[in-house]
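Here the protein sequences line up with chains X and R, keeping their order.
By the numbering used here, the letter at position 151 of the first sequence is numbered 151, and the numbering carries on one by one without gaps.
Take any residue in the second sequence, count from 1 to its spot, add 461: that is its number in the numbering used here.
All C-beta atoms in this analysis are idealised placements derived from N, C-alpha and C, irrespective of residue type, glycine included.
Here the structure comes first, spelled out in structure tokens, and everything after it is commentary.
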Amino acid sequence: MGDITGIKTASGYELQNVMNWGGAVTNDADPSVCYYQHFDLTMEQLGRTWRYNCWGFTFLPRRYWINSSADVDMILADNCSPVASGSLRPGDVIRYRDSYNVTTHTGRVWQVNGAGQCVKVRSKWGSLAEYIHDPLTVPVSYGTNLAYFRQNSPLRGIGDLFVHDASTDTGEQVSPNLWASPDIAVDAPPYGSVDVNPVFGQVNRVWAVVYNRGTKDITTARVRYYWANPYAGFASANWQLIPATAGHPNPTNVFTVAAGGSATAPYVEWTPQPVMGVPDPAHQCLLAITYVNDDPTDSSNPDPIVYPFDISWDNNICARNVHILTMDAGTSNTLTLFTGLPDNIRGEAHATLRVRLRYVPRLPVLGFPREIVPPRVEVSLDGAPRVSLPGLARPVALHEKWQSQKELKKVAVVAQKPRKIQLRITAPPGATRGSNYMLEVQQEINGVVTGGYTVAVTINR
Amino acid sequence: MPDYTQDLIRLKNPANIKEAECASSPYVLLKTFAADAVIKRMIRAGKQVVPLIRQILADEAEQLPEISLSAYAYILEHVDQAEAARLLKPVFEARLRKPGPFFVHVAAHALRGPLGLPTRPLEVVYNKAELAETLRKLR
């Protein structure tokens with residue numbers, strides 16, 4: 001306990017008032033209080049504590065209490081950029097100031113509306129608990145002078161374990177990509193071919209590449225590997241820990257991730273089984289959590305999990321489910337996945353299911369064919385009659401971009417009651433050989449993509 | 462004469478000071494004090510409350526929560542600066558050995574002005590050298 005030194009902003013300013021008060025957590029009866037879900041799915045209230053305050057929540061994964069607004073103003077100036085209301089994204093920082101223009105409070109934008117405005121904030125209130133609240137439902141002393149920022153770089157002097165949700169993921173909150181991590185790799189028998197599709201009924205090796213975007217080594221990192229059936233919205237109960245095998249524990253043994261570097265985590269052995277009721281070709285999603293421990297009250301943890309089981313909010317968590325489907329012209333395949341409700345949405349919600357087929361252009365080529373003949377994609381929900389994605393409205397050359405999309409709106413999604421989404425893909429006899437498409441399914445609830453499924457479709461030469 | 466004892470006893474529980482537990486910094490804490498009806502009443506009562514606060518500090522200063530102790534310091538600052546210095550000095554000295562987030566800063570803020578030391582009204586946070594300087598001047 002005591003003063004914490006060495007934490008700096010991007011410009012090198014050292015925070016002057018970072019404190020470790022320690023202290024217990026006491027429960028809060030407020031219904032808007034937040035919870036931490038442990039790996040064993042038990043819940044712990046993020047209740048009243050002096051261990052961290054609003055600024056420690058916003059900028060220092062719940063580790064410490066920052067006692068001065070001057071430090072916070074420096075973080076906002078050095079590590080963040082202003083964002084206008086109307087262009088907000090979940091994960092942006094909300095700053096409160098009073099009539100003297102003094103920073104009094106910060107939090108993270110939890111939810112935005114279709115107009116890019118903040119409608120819910122998650123923040124810690126002094127020594128009270130962590131809550132989700134309306135932006136202006138706050139103590140009077142915080143003031144009503146609101147401004148928004150997007151953090152664009154981590155603080156220095158701390159470690160930050162990171163797995164990419166997609167190749168474009170920077171590690172800041174929040175990544176919109178949920179199922180395309182480049183950091184989870186699979187090696188199916190015969191071994192030696194990295195990142196192929198898993199083979200059912202055989203021992204596949206699964207591992208993750210873990211990065212440290214901070215400036216302090218983390219010497220006690222681990223990875224937990226999970227698999228899940230394909231859902232368009234993951235609840236924590238969908239995640240199934242890959243069983244350990246001899247010499248390949250899950251979670252892994254500890255390993256070091258050097259500051260600014262990366263490390264390949266030990267692999268686990270995974271023998272996937274076909275999904276009951278899902279015809280081949282099918283696949284399962286892989287998820288990885290890199291972490292030090294599962295204790296949200298441990299300030300000595302160099303990089304605590306802040307949003308357990310939340311792929312887009314926590315940069316320690318990623319998933320991938322790209323599946324490569326190779327088809328011959330004149331054949332069909334059916335893919336199956338399920339709707340799902342993430343933990344942070346209670347009971348029932350109405351979703352939009354978006355199915356998009358996107359042609360991956362090739363360099364201009366001489367000779368024939370010069371135009372694409374894309375596969376036909378039909379969608380059905382719970383066995384209802386299929387609807388087709390629109391076909392070509394005009395001829396499309398091999399080097400052009402093209403996509404087709406269909407939305408199923410107001411799809412009722414209920415927790416624990418997955419609905420079956422089936423995609424029938426037919427490559428017509430004249431399908432352009434060697435052409436590649438990305439077939440993507442997204443489930444969106446309240447304007448937020450909650451999950452999805454991507455299939456790379458290749459027409460055999 | 463009104464009996465302020467019950468009001469001052471209520472301040473021993475930070476939950477009785479409106480929004481005080483929502484403060485993340487000494488500056489915000491002082492804003493909640495400035496808006497709290499009980500604290501405002503104590504300040505309006507003036508020097509009458511000093512003996513009562515003296516008694517509370519003498520009996521319980523070690524056990525009092527940061528917020529409550531800060532509230533008494535705030536009231537003393539506003540009703541009797543000379544007594545504030547006298548009553549807060551031993552508590553300030555003791556708490557400097559193991560400071561919390563609020564009291565040493567609120568007390569330093571209350572004491573520094575009368576001691577002729579500069580204050581930071583829009584931050585109310587003082588570094589170790591400034592806290593030590595405040596104690597030196599008090600002695």
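Contact list for the segment 546 to 564 of chain R against chain X, Cβ threshold 9 Å: Here the close residues are Lys559, Pro560, Gly561, Pro562, Phe563.
Inter-residue spacing [alpha-carbon to alpha-carbon] between Tyr36/X and Gln45/X: Locating residue 36/X in the first sequence gives position 36, counting from the first residue. Locating residue 45/X in the first sequence gives position 45, counting from the first residue. As the crow flies, the alpha-carbon of Tyr36/X is around 6 Å from that of Gln45/X.
Boundaries (first-last residue) of the alpha helix (DSSP H) holding His566/R: The residue given as residue 566/R occupies position 105 in the second sequence. Note, His566/R: alpha helix (DSSP H), 564 to 573.
Cβ neighbour criterion (16 or more within 10 Å) applied to Lys410/X: The residue given as residue 410/X occupies position 410 in the first sequence. Counting Cβ neighbours within 10 Å, Lys410/X comes out exposed, since fewer than 16 surround it.
Contact set between the segment 90 to 114 of chain X and chain R, restricted to residues whose Cβ is under 8 Å from the partner: Within the segment 90 to 114 of chain X, the residues whose Cβ lies closer than 8 Å to some Cβ of chain R are Asp98, Tyr100, Val102, Thr104, His105, listed in chain order.
Residues in the segment 479 to 513 of chain R having any Cβ partner in chain X nearer than 7 Å: Of all residues in the segment 479 to 513 of chain R, Glu480, Glu482, Cys483, Ala484, Ser485, Ser486, Tyr488, Val489, Lys492, Thr493, Ala496 have a Cβ within less than 7 Å of some Cβ in chain X.
Chain R residues whose Cβ lies nearer than 7 Å to that of Cys54/X: Here residue 54/X corresponds to residue number 54 of the first sequence, with the count starting at 1. Simply Ser485.
Short Cβ contact (8 Å threshold) for Pro562/R with Glu521/R: Residue mapping note: residue 562/R aligns to position 101 of the second sequence, counting from 1. Residue mapping note: residue 521/R aligns to position 60 of the second sequence, counting from 1. Not in contact: Pro562/R and Glu521/R (Cβ atoms no closer than 8 Å).
Cβ-based neighbour list, Val448/X, same chain, cut-off 8 Å, excluding 5 preceding and 5 following: Counting from one through the first sequence, the residue named residue 448/X turns up at place 448. The residues Pro90, Gln111, in chain order, have a CB closer than 8 Å to that of Val448/X in the same chain once the five nearest residues on each side in sequence are set aside.
8 Å Cβ cutoff, Asn474/R in contact with chain X: Walking along the second sequence from the start, residue 474/R turns up at place 13. Asn474/R is outside the set of residues whose beta carbon lies under 8 Å from a beta carbon in chain X.
Same chain, Cβ closer than 6 Å to Ser167/X, five either side skipped, listed in chain order: Taking the first residue of the first sequence as 1, we reach residue 167/X at position 167. The answer, listed in chain order, is Pro182.
DSSP-derived helix/strand/coil call for Ser167/X: Taking the first sequence and counting its residues from 1, one reaches residue 167/X at position 167. Here Ser167/X sits in coil by DSSP.
Chain-ordered residues of the segment 4 to 34 of chain X with a beta carbon less than 8 Å from chain C: Absence of chain C from the displayed structure is noted, the protein chains being X and R.
Gly143/X vs Thr104/X beta-carbon contact at 8 Å: Position 143 of the first sequence holds residue 143/X. Position 104 of the first sequence holds residue 104/X. In this structure, Gly143/X places its C-beta atom within 8 Å of the C-beta atom of Thr104/X.
Beta-carbon proximity list for Glu591/R, same chain, < 6 Å, skipping 5 on both sides: In the second sequence, the residue the question calls residue 591/R occupies position 130. A distance below 6 Å between beta-carbons, with the five flanking residues on each side excluded, links Glu591/R to no residue of its chain.
Same chain, Cβ closer than 8 Å to Gly126/X, five either side skipped, listed in chain order: Taking the first residue of the first sequence as 1, we reach residue 126/X at position 126. Around Gly126/X: Asn53, Cys54.
Classification of Ala545/R by the beta-carbon crowding that lies within 10 angstroms, buried from 16 upward: Along the second sequence, read from residue 1 onward, the residue named residue 545/R stands at position 84. Its Cβ being crowded by 16 or more others within 10 Å, Ala545/R is buried.
Proximal residues of chain R, C-beta to C-beta of Val140/X below 9 Å: On the first sequence, residue 140/X is found 140 positions in, with the first residue counted as 1. Counting only Cβ-Cβ distances below 9 Å, Val140/X has contacts in chain R at Lys479, Glu480, Lys492, Thr493, Ala496, in chain order.
Residue-level contact to chain R via CB, Pro281/X, 8 Å cutoff: What you label residue 281/X is simply residue 281 of the first sequence in a count that begins at 1. Unreliable placement is indicated for Pro281/X, whose pLDDT of 46 sits below 50; no coordinate value is reported for it.
Interface flag, Ala70/X vs chain R, CB-CB below 8 Å: For the purposes of this step, residue 70/X is identified with residue 70 of the first sequence, where counting begins at 1. So, interface residue.
Euclidean distance between Cα positions of Pro154/X and Ile324/X: Looking up residue 154/X in the first sequence gives position 154. Looking up residue 324/X in the first sequence gives position 324. Their Cα atoms are separated by approximately 35 Å.
Proximity to Glu172/X [Cα-Cα], best of Asn293/X, Val93/X, Val33/X: As a working mapping, residue 172/X is identified with position 172 in the first sequence. Closest option to Glu172/X, Cα to Cα, is Val93/X.
Distance, Lys120/X Cα to Ser85/X Cα: To locate residue 85/X, count along the first sequence from 1; it is residue 85. To locate residue 120/X, count along the first sequence from 1; it is residue 120. One alpha carbon belongs to Ser85/X, the other to Lys120/X, and they sit about 13 Å apart.
Chain-ordered neighbours of Gly126/X on chain R, where CB pairs are closer than 7 Å: On the first sequence, position 126 is the one that residue 126/X refers to. Going along chain R in sequence order, the residues near Gly126/X (Cβ under 7 Å) are Glu482, Cys483, Ala484, Ser485.
Under 7 Å by beta carbon: chain R residues contacting Asn67/X: What you label residue 67/X is simply residue 67 of the first sequence in a count that begins at 1. Going along chain R in sequence order, the residues near Asn67/X (Cβ under 7 Å) are Ser486, Pro562, Val586.
Pro281/X in three-state terms, based on DSSP: Here residue 281/X corresponds to residue number 281 of the first sequence, with the count starting at 1. Because Pro281/X sits at a pLDDT of 46, beneath the cut-off of 50, its placement in the model cannot be relied upon, and the point is left open.
Cβ distance (whole Å) where Phe57/X is taken to contact Lys124/X below 8 Å: For this step, residue 57/X is matched to residue 57 along the first sequence. For this step, residue 124/X is matched to residue 124 along the first sequence. About 4 Å; that satisfies the 8 Å criterion.
Euclidean distance between Cα positions of Asn17/X and Ile4/X: The residue given as residue 17/X occupies position 17 in the first sequence. The residue given as residue 4/X occupies position 4 in the first sequence. Between the alpha carbons of Asn17/X and Ile4/X lies a gap of roughly 8 Å.
Per DSSP, the bridge partner or partners of Ile324/X: Within the first sequence, numbered from 1, the residue matching residue 324/X stands at position 324. Per DSSP, Ala456/X.
DSSP-derived helix/strand/coil call for Leu341/X: Locating residue 341/X in the first sequence gives position 341, where the first residue counts as 1. Three-state result, Leu341/X: coil.
Straight-line Cα distance separating Thr331/X from Arg424/X: Against the first sequence, residue 424/X aligns to sequence position 424. Against the first sequence, residue 331/X aligns to sequence position 331. So the two alpha carbons sit approximately 11 Å from each other.
Sequence-distant residues of its chain with Cβ nearer than 7 Å to Pro429/X (five each side left out): Here residue 429/X is taken as the residue at index 429 of the first sequence, counted from 1. Closer than 7 Å at Cβ, skipping near neighbours: Ala329, Gly330.
Complete beta strand (DSSP E) runs within the segment 112 to 153 of chain X (minimum length 3 residues, chain order): Those beta strand (DSSP E) runs which fall completely within the segment 112 to 153 of chain X and span 3+ residues are 118 to 124, 130 to 133, 145 to 151.
Pick from Ala259/X, Gln202/X, Trp239/X, Gly247/X that is closest to Ala221/X, judged by C-alpha positions: Taking the first residue of the first sequence as 1, we reach residue 221/X at position 221. Of the listed residues, the one whose Cα sits closest to Ala221/X is Ala259/X.
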